[in-house]
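Undergrad:
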Amino acid sequence: MFAVGDYIVYGNNGVCLVEKVGSLESAIASKDKVYYTLSPCYTKGSTIFIPADNTKVLMRPVMTKQECLNLIGEMKEMEDLWIKDEKSREAEYKQALQSGEAAELVKVIKTIYKRKESRIAEGKKITSTDEKYCHMAEERLYGELAVAFGMKKEEMPEFIEDCIKES
Numbered sequence: 121m122f123a124v125g126d127y128i129v130y131g132n133n134g135v136c137l138v139e140k141v142g143s144l145e146s147a148i149a150s151k152d153k154v155y156y157t158l159s160p161c162y163t164k165g166s167t168i169f170i171p172a173d174n175t176k177v178l179m180r181p182v183m184t185k186q187e188c189l190n191l192i193g194e195m196k197e198m199e200d201l202w203i204k205d206e207k208s209r210e211a212e213y214k215q216a217l218q219s220g221e222a223a224e225l226v227k228v229i230k231t232i233y234k235r236k237e238s239r240i241a242e243g244k245k246i247t248s249t250d251e252k253y254c255h256m257a258e259e260r261l262y263g264e265l266a267v268a269f270g271m272k273k274e275e276m277p278e279f280i281e282d283c284i285k286e287s
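121 is the number of the first residue of the sequence shown in our numbering; add one for each residue after it.
1) Could you pull the start and end residues of the beta strand (DSSP E) that Tyr130 belongs to?
2) Report the partner residues of Ile168 according to the DSSP bridge assignment.
3) Please classify Asp205: is it buried, with 16 or more other beta-carbons within 10 angstroms of its beta-carbon, or exposed?
4) Are the Cβ atoms of Lys140 and Val124 separated by less than 8 Å?
5) Taking the alpha-carbon of Ile170 as reference, which of Ala257, Tyr162, Met179 and Asp200 has the nearest alpha-carbon?
6) Any beta carbon of chain B sitting closer than 8 Å to that of Gln218?
7) Evaluate Ala211 with the Cβ neighbour count: other Cβ atoms within 10 Å of its Cβ, from every protein chain shown; 16 or more gives buried, anything less gives exposed.
8) Could you check which residue in Glu278, Asp282, Lys153 and Lys273 has the C-alpha nearest to that of Val135?
9) Between Ser188 and Phe122, which are expected to be in contact by the criterion C-beta below 8 Å, what is the C-beta distance as a whole number of angstroms?
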């Protein structure tokens, strides 16, 4: 169970701060049920109420600094996604993002980066689907890393690059 003040990754909302744990003061909410009141870190003015016993939507603690450093250290060697055909590309991206795993986000970003380079070399632009999923993966990954390191999300690409160069 999470506690007030914990940072967690919650579904498609990314990193959230646990603001409250307890029953909800609402006529429609069960008084016997424990809820988390979450504040998404990168969506200001938004509040999420979710049962603590939720099993439908991913909820996990934000990675520790050491876990983040391990992930960054493994980025160079990580394989990109193997996508058998163009039609399944978006489904593969969605599946990777829904997994909630940072390593899967890295794979999406690497796959799209390589694909973008290849398309540019052919005189083509990045597809809107690639652009959309790359942005989503970067937002989630950089958001989690930023919270773990106590940095701004915008600083993460350069920070990651510097860490990779040093290794």
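Ideal Cβ positions, reconstructed from N, Cα and C, are used throughout, including at glycine.
TA: Checking against the coordinates, here is how it stands:
1) For Tyr130, the uninterrupted beta strand (DSSP E) run begins and ends at Tyr127 to Tyr130, by DSSP.
2) For Ile168, which the question treats as bridged, DSSP gives the partners Leu158.
3) By the neighbour-count rule (16 or more Cβ atoms within 10 Å), Asp205 is not buried but exposed.
4) Val124 sits close to Lys140, with the two beta carbons spaced by under 8 Å.
5) Checked all of Ala257, Tyr162, Met179 and Asp200; the closest Cα to Ile170 is Met179.
6) Protein chains in the displayed structure number just one, and chain B is not present.
7) With fewer than 16 Cβ atoms within 10 Å of its Cβ, Ala211 is classed as exposed.
8) Proximity to Val135 across Glu278, Asp282, Lys153 and Lys273 peaks at Lys273, based on C-alpha coordinates.
9) The sequence shown places Cys at residue 188, not Ser. With a Cβ gap of about 19 Å, Cys188 and Phe122 do not count as contacting.
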